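K.L.:
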Amino acid sequence: MTKHLMIIDDDQIFRLLTVIMSKNLAVSSLELHEFEDGELGINGVEKLSNTKEKVIILLDINMPVLDGWGFLDQLKENKYFNIENIELYIVSSSIDESDILKANSYEIVKKFIHKPIDQNTIRTIVNGTA
91 MTKHLMIIDD DQIFRLLTVI MSKNLAVSSL ELHEFEDGEL GINGVEKLSN
141 TKEKVIILLD INMPVLDGWG FLDQLKENKY FNIENIELYI VSSSIDESDI
191 LKANSYEIVK KFIHKPIDQN TIRTIVNGTA
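Each residue of the sequence shown is one higher than the last, beginning at 91 in the numbering used here.
#1: Measuring CA to CA, which of 173, 113 and 180 is closest to residue 137?
#2: Across which residues does DSSP place residue 201 in a beta bridge pair?
#3: Distance check for residue 119 and residue 93, CA to CA, integer angstroms please.
#4: Looking at the unbroken alpha helix (DSSP H) that takes in residue 93, where does it start and where does it end?
#5: Out of 117, 132 and 116, state which residue places its alpha-carbon closest to the alpha-carbon of residue 97.
#6: Let me check one thing: in DSSP terms, what residues is residue 124 bridge-paired to?
#7: Starting from the Cα of residue 130, find the closest Cα among 91, 165 and 183 and give me that residue.
#8: Rounded to whole angstroms, what is the Cα-Cα separation between residue 144 and residue 209?
#9: Given a cut-off of 8 Å, decide if residue 121 and residue 45 are closer than it, judged by their beta-carbon atoms.
#10: Is the distance from the Cβ of residue 108 to the Cβ of residue 215 below 8 Å?
#11: What does the alpha-carbon distance come out to for the pair residue 115 and residue 100?
What follows is the structure, encoded as structure tokens:
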């Protein structure tokens, strides 16, 4: 089964490093998608509407155009685009406790992960053991 890893972050270096680490996992069924803001990310998720494939989202909070909170709200309003197997991780440099609490108030958020992210974390997320 194909897995889609969606990296939604305005930090180009973070996206590049995450892509490199993901490719190093050598998971042949992993498709990578990169978006530099939440609006582009929503459009990308919408293209996977009704998929039975696994969709994993790594979402930053602070981005231009549409931030992570706006992304989460739109995702919820659209009933997760009828994606049955979706997991979302907040990946942020924020250490603000209110951001962590707010993230945990969204039922779709599986975990709040502090940047930087490492190869082992990517592996556990992709393998579904996070």
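For glycine and all other residues, C-beta sits at the position ideal for the given N, C-alpha and C. Computed from a predicted model, the values in this text were never measured in an experiment.
P.N.:
According to the structure data:
#1: 173
#2: 179
#3: 6 Å
#4: No alpha helix (DSSP H) contains residue 93, which is instead part of the beta strand (DSSP E) from 93-98.
#5: 132
#6: 97
#7: 165
#8: 20 Å
#9: Since the displayed the chain opens at 91 and closes at 220, residue 45 lies outside it and no answer follows.
#10: no
#11: 23 Å
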